[in-house]
Each structure stands twice: as C-alpha cells, then as structure tokens.
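Using this note's numbering, read the sequence shown as starting at 1038 and increasing by one per residue. Ideal placement from N, C-alpha and C gives every residue a C-beta, glycine not left out. Written out below as structure tokens is the structure these notes cover.
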Amino acid sequence: MPLHRPAAPSDFDAVFDLYMHERVVPYLGYDPMPRDDFRPIFQGLLDSGGFFIFEVDGRLAGFYRVTRYPGRAQHVASLGTLAVDPTLHGRGIAQTMVTDVLARLKAEGVRRVELMAESDNATALRFYARLGFVQEGTLRQFYRRAGEADFIDEHLMALLFD
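Below, the structure is given as structure tokens:
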C-alpha cells in the first residue's frame, strides 16, 4: 500500500541518492554535488513543511514538494522537486503518486496546481499533459546545467480543477 508522509531527517540518505541519480538530477534544481553539500538543501526542504516522501512496500519510491500560495492566490499550489526512483519506472508509481497528491490538494480547496518542466524532458511533459496539465508559458533560457554550454527553457504548466 503506497504511503505519503512528510519527509524526516532520517530520509536524508535515500533522498540524496535519488536526487543525485544520473537519470534524476538533470531535471531537479541542483547539479550533482557531494553528500555534505546537499545537507543544507535537504534541511531547507524539511523546513518548508511541504516536502513529502512516497513509499511503496516500505521503501522510498519518490518524493515531491508542495507549496501553497498565500493571500488572494491561496487556492493555488505549486508542485515541484518531484522524482520517482528510476528502478521503479514503468510501474505506475508516478501516476499513483501525482494523482494522489492532486486529489489531496483538490480536497483541501486548491483550484489550480502549477509546476515547471524542462523543455528537454519529453517524458515528463507527456506525463503531465496526460494528467490534464496545460503549458501556459515558457521561461526562456531559465538555467544551465553544469558542464553544458546551452541554457534550458522551462515550461510553466498548470491544471485547473472544475
């Protein structure tokens, strides 16, 4: 039975290993780094109060971060820092994790969910489109990965609940 739970300090090693996995790290916000350099980043995720672990069969299968906007935009949530263990790809885990998150957010009164996806991450773009996310804009030349000459565009995508 899948389990969503807030991340805990004891999750550091599993989160670091997944975050720095060669098939995951290109699509998250930081370049590969030593374990000790990742500690303050992980602490920031914990301190946000919105960083969650998704477990399947008692092991970390993925993680994600949810941020709610304040004030007039309190009906909007941002979904990010999302990854699924590549050894588990093709088993529907991402689908289960994200649809569960979306159902929870909708039940909490969220009407709009936003996320960012890299323009060169065709798999993620197709996945989010299948879930009903629509590309609303592009942040051109938003960042550059270490060791690469070209900048990467980020697409802003959003899902509106009826």
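In this structure, DSSP gives Pro-1069 a state outside helix and strand, which the three-state scheme calls coil. In the same chain as Ala-1098, and ignoring 5 residues on each side of it, the C-beta atoms closer than 7 Å to its own belong to Phe-1091, Glu-1092, Val-1121, Asp-1122, Leu-1125 and Ile-1130, in chain order.
When Arg-1105, Ala-1154 and Asp-1084 are compared, the shortest CA-CA separation from Glu-1145 is found for Arg-1105. In the DSSP assignment, Tyr-1180 falls within the beta strand (DSSP E) that extends over 1171–1180. Residue nearest to Gln-1111 within the set Ala-1045, Glu-1155, Val-1147 and Thr-1136 is Val-1147 (criterion: CA-CA distance). Assignment of Pro-1107 by DSSP, reduced to helix, strand and coil, places it in the coil class.
Note on geometry: alpha-carbon atoms of Phe-1053 and Gly-1108 lie some 33 Å from one another. Nearest Cα to Val-1061 within the set Ala-1114, Ala-1161 and Val-1171: Ala-1161.
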